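When the count follows the working numbering, it moves up by one through the sequence shown with no breaks and lands on 834 for the last residue. Read through the structure below, which is laid out as structure tokens, and then see the notes.
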Amino acid sequence: MADLQNHAPRPSDEAWDAYLKSLFSPLPGLREMALLEIPVWHGLGRDVTGLLEMSLRDTDPMVCRAAAMVTGRLRLASPTLLEELEKRLATDDDILKRTVVTTLSRLTPDSIPLMVRLLVDRDAYLRRFVAVALEDCGEQAVAPLVAVLSQDLLRRSAGAVLAKIGQPAIPHLLKLIDQPDRDLAYIAMDILEEIGPHVIPTLIEEIRFGKRNEEPGGDAVTRFGPSALPNLLSSLRDPDIAHRCWAAATLVKMGPVAVPALTGVVCEGNPAVCWLAGKALARIGAPAVPSLLAILGTKTRSLRWIAADILAQIGEEAIASLEHTILDGDPAAKEAAIHALGLMGEPAWSALSFLTECHKRETDPHLQEALREAMEKLAVFQ
């Protein structure tokens, strides 16, 4: 069959001329039927672009629809054809408009910028259709979508499509988080958050190697909440001290949600990492107090002293809880709590009278000595 087609005689110029007459017929139905034969002539080597452009300008909607369908079928995406298709989008004929949009979906990537603008079309069906078509384009659609994130009208719709595209959009969005335009940076963070936690390792890696600024990068990481904790704790143990410090600062930004993880790091006993985790807990403040008080009762004295030091750094917010521990805790916890108040210095001066009363009642010589030392440290602030 293929051999027969290859050896079939080429239609004469007279046949072509006769065909053109039908295409220029005053009868819309005949013009429409003629258009449906264009793929045959295109396959025979005829240049049909001009004919399709002309037919897209036809006053009859059925002829325009046929021209659009054939353009899509042949996947002809010349600038002039795209221009004519764009003009047809202004029609009030919904069927014609939907046909044009279907054609545009077959002319990617050339038609993508035009399709992006249709994300805010008045027709809800078209908006959904275009969004799905752009999602299917994947990486090819990312740059045009990112380019319109600064436009208020398109921002939300383009962001939703980028989130659906997912992984291919991540490198482009990561570049935006360093933008001086903080509104645009926060939009990029919103989309990254919607893409999901699998963004986190790539984001942290770019921060570690200096490809992203630490401050906005940390802000982006905190968007993922508890999902970011394993990666941040891994960074807290990184050989690079600067990266460890960044991880600690980011954990502080996360606030109370990071407390259990940081407390666990303190209990590991690694001096360098423990110090950073302690500083982070001290900066988080009051939300960290209950977890630190729990460490005061541990059997390991060094851990009790570490927790006491952190509580001392927290300051006034920890005083009431430390006083309660001195009254009701076991001896080991009491000693650590007394030590914390002594270390706290001036912020704990108000607790001096409390410690004095405890000293009068205390019968354990070891705790009496701890109370005396703490009282001496605070007395200098009277």
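The beta-carbon is built from N, C-alpha and C at its ideal position, and this holds for glycine as well. Since we're looking at a predicted model, the values are computed, not measured.
Measure the CB-CB distance between L804 and L774 and report whether it falls below 8 Å.
no
Counted within 10 angstroms of its Cβ, other Cβ atoms place L676 as buried (16 or more) or exposed
Position check: residue 676 holds Phe in this sequence, whereas Leu was assumed. By the neighbour-count rule (16 or more Cβ atoms within 10 Å), F676 is buried.
Distance, Cα to Cα, E828 vs T750?
26 Å
Have a look at G797 and F833 and give me their C-alpha separation to the nearest angstrom.
8 Å
In or out: E787 buried (at least 16 other Cβ within 10 Å) or exposed?
buried
Neighbour-count burial assignment, P742, 16 or more Cβ in a 10 Å radius:
exposed
Contacts around L503, its chain only, beta-carbon distance under 7 Å, and the 5 residues preceding and following it disregarded:
L475 and I490
Please classify K473: is it buried, with 16 or more other beta-carbons within 10 angstroms of its beta-carbon, or exposed?
exposed
Which of the three DSSP states, helix, strand or coil, is assigned to M665?
Contrary to the premise, residue 665 reads as Asn rather than Met in this sequence. In the structure shown, N665 sits in coil (DSSP, three-state: anything other than H, G, I, E or B).
Along the chain, where does the alpha helix (DSSP H) that runs through I766 open and close?
R753 to I766
Going along the chain, which residues of its own chain have a beta-carbon closer than 8 Å to the beta-carbon of L688, five neighbours each way excluded?
R696, A699, A700, L703, V717, V725, L728 and A729
Please report how far the alpha carbon of A822 lies from the alpha carbon of Q619, in whole angstroms.
58 Å
Compute the distance between the beta-carbons of S536 and M514, then report whether it is under 8 Å.
The question names Ser, but residue 536 is Glu in the sequence shown. Taking 8 Å as the Cβ cut-off, E536 and M514 do not qualify as a contacting pair.
Own chain residues within Cβ distance below 6 Å of A520, not counting five before or after
T551, V552 and T555
Considering only the beta carbon of each residue, do L487 and A518 sit closer than 8 Å?
yes
Which residue from D545, D499 and L541 puts its Cα closest to that of S530?
D499
How big is the Cα-Cα spacing for K616 and I647?
7 Å
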